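Visitor:
In my numbering, the protein residues as written are 1 to 120.
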């Protein structure tokens with residue numbers, strides 16, 4: 001009787017272990033599929049972010065150039081304005097490049113998939 005009870009307990013523990021491993025593998029597969037889906041979503045998000053960022057930089061440059069220079073009349077006062085405008089545009093391009101490199105480094109280190117590296 002004790003021997004039958006011991007075999008029964010071993011069988012129950014064996015079945016519990018099998019079901020546990022099956023559940024672990026099932027959730028691992030679901031998790032890996034979720035990660036793959038999120039990688040695709042992240043790729044499109046980064047690509048969209050990159051386009052949006054470049055458009056914002058171009059609009060800022062256009063805004064500053066339209067505000068600073070109204071007519072290209074070359075007088076002493078306007079030459080100062082023109083050179084100041086070039087200075088502002090150079091500053092915007094410089095900081096836009098710095099911000100772009102910063103975000104690029106974040107996305108290159110956070111996500112290790114190739115399509116995001118190709119997006120930049």
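C-beta: ideal position from N, C-alpha, C; glycine also.
Small disclaimer: the values here were computed from a predicted structure and weren't measured.
Is it buried or exposed for residue 94, if we count other Cβ within 10 angstroms and need 16 for buried?
Guide: As a first step, residue 94 must be located in the chain shown, where it is residue number 94. Per the 10 Å Cβ criterion, exposed.
Visitor: Give the straight-line distance between the Cα atoms of residue 15 and residue 54, rounded to the nearest whole angstrom.
Guide: As a first step, residue 15 is located in the chain shown; it is residue number 15 there, counting from the start. As a first step, residue 54 is located in the chain shown; it is residue number 54 there, counting from the start. Within the model, the alpha-carbon separation for residue 15 versus residue 54 is close to 58 Å.
Visitor: Mapping DSSP to helix, strand and coil, what is residue 1?
Guide: The count along the chain shown starts at 1 and reaches residue 1 at position 1. Residue 1 falls in the coil class under three-state DSSP.
Visitor: What did DSSP end up calling residue 43 once you bin it into helix, strand or coil?
Guide: Taking the first residue of the chain shown as position 1, residue 43 is located at position 43. DSSP places residue 43 in helix when its eight states are reduced to three.
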